[in-house]
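Per the working numbering, the sequence shown starts with residue 3, numbered consecutively.
Take a look at the structure below.
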Amino acid sequence: MPRTIFPGNASRLALVRRLQPPRFLQVTKIAVAVAIAWTLSPFLPGDAQELRYYAPLGALLSMHPTLMRSLRSALQTLAGLAVGIALAGAVLLLSEPSVWTISLVIGLGSLIGGMRWLGVGGEQVPLTALFVLIIGGPEADDYSVGYLAQVCLGIVVGLLVNLLILPPLTIGTAVERLTSFRGTLATHLSDIGVALVESWPPERELWATRGNALTDAARDVRSAVQHADESRKGNPRARFNRRNLVVDYEDLAALENVTFHVRNLTEVFAGMIWGKPIPLELPPELRPVLSDALHAVAETLRATDDGPRDSAPFDAAVAAVEAILHGMQELGVGATSLSPTAAIVIDLKRILVALRPGTERDSKESPSTVV
């Protein structure tokens, strides 16, 4: 059964994630790339040998969790180096390094480095210009060539290490996060359903404070799916994993929609039970049917993670929500009491509308292999 994530576990889960094997693998690959770059750096011709300490720097700058991000970072870094060298060269052609020219170049470099197209390479613009002016000095030409050559060597080594040694593919992690998030939403709805049939007012109110946590969890899941999508680009391991991430993006969009309505009905229930943030009325006769509907919708969420999909949980949830409407009609009390319940019914119906496309789509697809 998938784990659910709530605020009390956040710090512990954060520590566990930092210690996961993929992180160890990435650190090991960085160490290997730096070592190889340092070993190869003396073989570059000319004065570049004297600047061999820049090769490990290039390897370090090119190592990122995904191949596409590594390549993009490498290109941006080279662009930043080129711009920095050009700025320093312009100063040396027109003047000599001084407190004024160096300050001017650093200012211009920082301004240019802030351009979006340079990305992470923007940091290299003022640094490179400073190194060329101060360290290169009268031999700025040789220094610039050697500096660029050694950094390029390190970048090439870093890209090859990242490509050849188990290039990261995080599709499995994204699917796990999606599954966990469904479980989190389902557990939240079930907790409210249990609270409705307990002693009144309910003793347990932890669910009433989870609104922001649910939104944060949805944001984390979207980040995981986007990272998985990026990790497969240019990745040879992706050929052995045919999972359609378009479907996962659709599932994610549906769950984000569900999260919005879950937060809405949570606030309504809190107002019904404790009178905050808005005092609302809940007819006691409607508590059982509301509880049944919440449990049924929770089961619909959980059913998307079971083997072959069928429409039974969804149909049961639709019937449970309709039972609330029948109960409201039979009760026949004033609008003040029934309006909050009607708001809950609308949220539950919208949740089911969000879940319907995924239920129907999943019933037509065969299970995908996940690494």
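Virtual Cβ for every residue (Gly too), placed ideally from N, Cα, C.
Looking at the unbroken alpha helix (DSSP H) that takes in residue i, where does it start and where does it end?
i	result
N214	G213 to S233
I87	L69 to L96
H375	The structure shown does not extend to residue 375, since the chain is modelled only from 3 to 373, so the question has no answer here.
D143	A142 to L166
D253	L247 to W276
D317	A314 to L333
G111	V101 to G115
A188	I173 to L198
F133	Q126 to F133
L284	Looking at the DSSP string, L284 is not in any alpha helix (DSSP H), and its letter there is neither H nor E.
G48	Careful: G48 lies outside any alpha helix (DSSP H) and carries neither H nor E.
V55	Note that residue 55 corresponds to Tyr in the displayed sequence, not to Val. No alpha helix (DSSP H) holds Y55; DSSP gives it neither H nor E.
Alpha carbon to alpha carbon, what distance is there between residue j and residue i?
i	j	result
L354	D218	22 Å
A300	P286	22 Å
A298	A318	6 Å
S233	V159	19 Å
N266	A305	23 Å
L247	G139	52 Å
A356	L216	17 Å
V127	L42	26 Å
A210	E269	7 Å
H190	V199	15 Å
V264	V122	38 Å
D193	L73	46 Å
G111	Q78	15 Å
T302	G185	11 Å
P47	R179	50 Å
A50	T175	42 Å
T6	G213	Per-residue confidence for T6 stands at a pLDDT of 46, beneath the threshold of 50, marking its modelled position as unreliable; the derived number appears in the next sentence. Their backbone Cα atoms lie some 15 Å apart in a straight line.
D39	E52	Reading off the sequence shown, one finds Ala at residue 39, where the question assumed Asp. Answer to the nearest angstrom: the Cα atoms are 14 Å apart.
Using a threshold of 8 Å, state whether the C-beta atoms of residue i and residue j are closer than that.
i	j	result
L282	P342	yes
K278	I167	no
K235	M70	yes
V134	G82	no
A220	F271	no
G60	V196	no
A142	L94	yes
P290	P238	no
I157	A76	yes
So the candidates are the options; which of them puts its Cα closest to the Cα of residue i?
i	options	result
T103	A131, A81 and F262	A131
E125	I173, A226, I194 and I108	I108
Y251	M117, A226, D294 and A84	A226
V347	F26, V29 and S293	S293
T68	V320, G329 and T172	T172
Kindly indicate if chain B contains any beta-carbon less than 8 Å away from that of residue i.
i	result
T186	Within the model displayed, chain B is absent; a lone protein chain is all it includes.
If you measure from the CB of residue i, is any heavy atom of the ligand HEM nearer than 7 Å?
i	result
W102	Looking for the ligand HEM in the displayed structure turns up nothing, as the structure carries no ligands at all.
**Q.** Three CB pairs or more closer than 8 Å across the stretch 134-152 and the stretch 55-65
**A.** yes
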